[in-house]
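Engineer: Numbering (the working numbering), first residue to last: 217 to 588.
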Amino acid sequence: MSLPSLNTAARVVVKIGSALVVDADAAAPRVEWLDGVAADIAGLRARGIEVIVVSSGAIALARRALNLTQKKLRLEEKQAAASVGQIRLAQAWADALSRHGMIAAQLLLTPDDTEDRRRYLNARATLSTLLGLGAIPVINENDTVATAEIRFGDNDRLAARVAEMVQADQLILLSDIDGLYTADPRSNPDAEHLPVVAALTSEIEAMGGDPPPGYSSGGMRTKLVAARIATQSGCAMAIARGNLDHPLKALGDGARCTWFLASADARSARKRWIAGSLQPVGELIIDAGAARALASGSSLLPAGVRAIEGDFTRGDAVVVRGPDGVAVARGLSAYDAADARRIAGSKSDAIEAILGWRGRDEMIHRDDLVLL
217 MSLPSLNTAA RVVVKIGSAL VVDADAAAPR VEWLDGVAAD IAGLRARGIE
267 VIVVSSGAIA LARRALNLTQ KKLRLEEKQA AASVGQIRLA QAWADALSRH
317 GMIAAQLLLT PDDTEDRRRY LNARATLSTL LGLGAIPVIN ENDTVATAEI
367 RFGDNDRLAA RVAEMVQADQ LILLSDIDGL YTADPRSNPD AEHLPVVAAL
417 TSEIEAMGGD PPPGYSSGGM RTKLVAARIA TQSGCAMAIA RGNLDHPLKA
467 LGDGARCTWF LASADARSAR KRWIAGSLQP VGELIIDAGA ARALASGSSL
517 LPAGVRAIEG DFTRGDAVVV RGPDGVAVAR GLSAYDAADA RRIAGSKSDA
567 IEAILGWRGR DEMIHRDDLV LL
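1. Here's the rule: buried if 16 or more other CB atoms are within 10 angstroms of the residue's CB, otherwise exposed. What is V267?
2. Looking at C-beta atoms only, is the number of pairs between the stretch 408-422 and the stretch 347-363 that lie closer than 8 Å three or more?
3. Looking only at DSSP bridge pairs, what is E160 linked to?
4. Can you say whether K622 is buried or exposed, counting buried as having 16 or more other CB atoms within 10 angstroms of its CB?
5. For A545 and S314, I'd like the C-alpha separation in whole angstroms.
6. What is the DSSP secondary structure of T326, reduced to helix, strand or coil?
7. Do L548 and A533 count as a contact pair if the criterion is CB distance below 8 Å?
8. Applying the criterion that 16 or more other CB atoms from any shown protein chain within 10 Å of the CB defines a buried residue, is A560 buried or exposed?
9. What three-state label does DSSP hand L500 in the structure shown?
10. Can you tell which of N223, V230, A240 and P245 has the C-alpha that lies nearest to the C-alpha of G264?
11. Do L477 and V535 have their C-beta atoms closer together than 8 Å?
12. For G470 and A384, I'd like the C-alpha separation in whole angstroms.
13. Assuming contact is defined by CB atoms lying nearer than 8 Å, are I275 and G301 in contact in what I supplied?
14. Taking R530 as the reference, which of A519, I580 and A491 has the closest Cα?
15. When you compare the CB of R340 with every CB in chain D, is at least one pair closer than 8 Å?
16. Nearest to R558 by alpha carbon, out of G541, L585 and A523?
17. What are the boundary residues of the beta strand (DSSP E) that Q386 is part of?
18. Which word fits D555, buried or exposed, when buried means at least 16 other C-beta atoms lie within 10 angstroms of its C-beta?
19. Express the C-alpha separation of A446 and A262 in angstroms, rounding to a whole number.
20. Any idea if G513 is buried or exposed, counting beta-carbon neighbours within 10 angstroms, 16 or more meaning buried?
21. Is A456 helix, strand or coil when you go by DSSP?
22. In the DSSP assignment, find the alpha helix (DSSP H) that holds G348 and state where it starts and stops.
23. What separation, rounded to the nearest whole angstrom, lies between the Cα atoms of P405 and R472?
24. Whose CA, out of A242, A442 and A308, lies closest to the CA of R280?
25. Expressed to the nearest angstrom, what Euclidean distance is found between the alpha-carbon atoms of L567 and D329?
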């Protein structure tokens, strides 16, 4: 099995966590380390490889300055710290990249920017234009406005959504560990390193552990969530050690990591967007017959829907669950929740009589549906 190589990529998204960007003792950017990463990016650019950076660190850079040194911050304190620290984070990246002849561009995203179709397309167009102009987009979550309920919560998933958005062929998660192990190597000396993951099975997903201590909000669990989003969109992903000088060069030279291979059944851009939706706003519970029909490639008809959960409008993303409660698909509902409840369990030719108007025959058309 041939593994991907960073040196042969066309477009790469690199995610870097707070623990790598920020010197925790000084509460300041790790200038020399950032300079090495910038040099690595310049090397990739010289080979014609486009690079997008997703960088954490804004909150960590502002905690001490704002005297927010307690372990756990309230939401409003995080937002205040983010507004101060983001300026410092952007400046650190601008300085590092400029020393190697590159221009940094800042983008702050929220989940709505990747889930609302119009905003998704606008963000993608901006990123494509920046890359075409030779700039290096540096992206972070917009923590100053995101609420606890509407946020990515970690930049692993944000990076995966960005990789899906720009159709990157590789996503690199720089971490304090050189990949995925069968168990936590910090506590289990028998843990084995996995150099390649061909498919995200339930056994692989069970290997995700608790987040590490310190500034990081991620951990292996969120990296595996990111891997599912990225690989389903046709993007390979690597978890590689970042706490060394020139980590991207080291990865290109063959440093140990774990590669998650891209799914063979790469989906259309629209279906990748539906599959990667982080916050479905409702659920449809279907019967066994409908579940079998979906598995064979059919649309979801009202007759197979047994229950509706949540409050959603036409076009919103919803989860489809089988009779056992297991999620089997995600899709865009053709009806709002109130009308969906009225027609659930009915044949399609009865929709007009029930609602008083003629809607679609399908609760979710197969073009708007992605199996999980």
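All residues carry an ideal CB built from backbone N, CA and C; glycine is no exception.
Structural biologist: Reading it off the structure:
1. buried
2. no
3. For the chain, the structure presents residues 217 to 588; residue 160 sits outside this window and is missing.
4. Shown here, the chain extends from 217 to 588; a query on residue 622 therefore has no answer.
5. 45 Å
6. In the structure shown, T326 sits in coil (DSSP, three-state: anything other than H, G, I, E or B).
7. A contact, by the Cβ cut-off of 8 Å.
8. Under this definition A560 is a buried residue.
9. For L500, the secondary structure class from DSSP, reduced to helix, strand or coil, is strand.
10. N223
11. no
12. Rounded to the nearest angstrom, the two C-alpha atoms are 20 Å apart.
13. yes
14. R530 has its Cα closest to that of I580, out of A519, I580 and A491.
15. Absent from the structure: chain D. Only one protein chain is present.
16. Of the listed residues, the one whose Cα sits closest to R558 is A523.
17. First-last of the beta strand (DSSP E) with Q386: Q386 to S391.
18. buried
19. 25 Å
20. exposed
21. strand
22. R333 to G348
23. 18 Å
24. A242
25. Looking at the sequence itself, residue 567 is Ile, so the reference to Leu does not match. Distance between the alpha carbons of I567 and D329 is about 34 Å.
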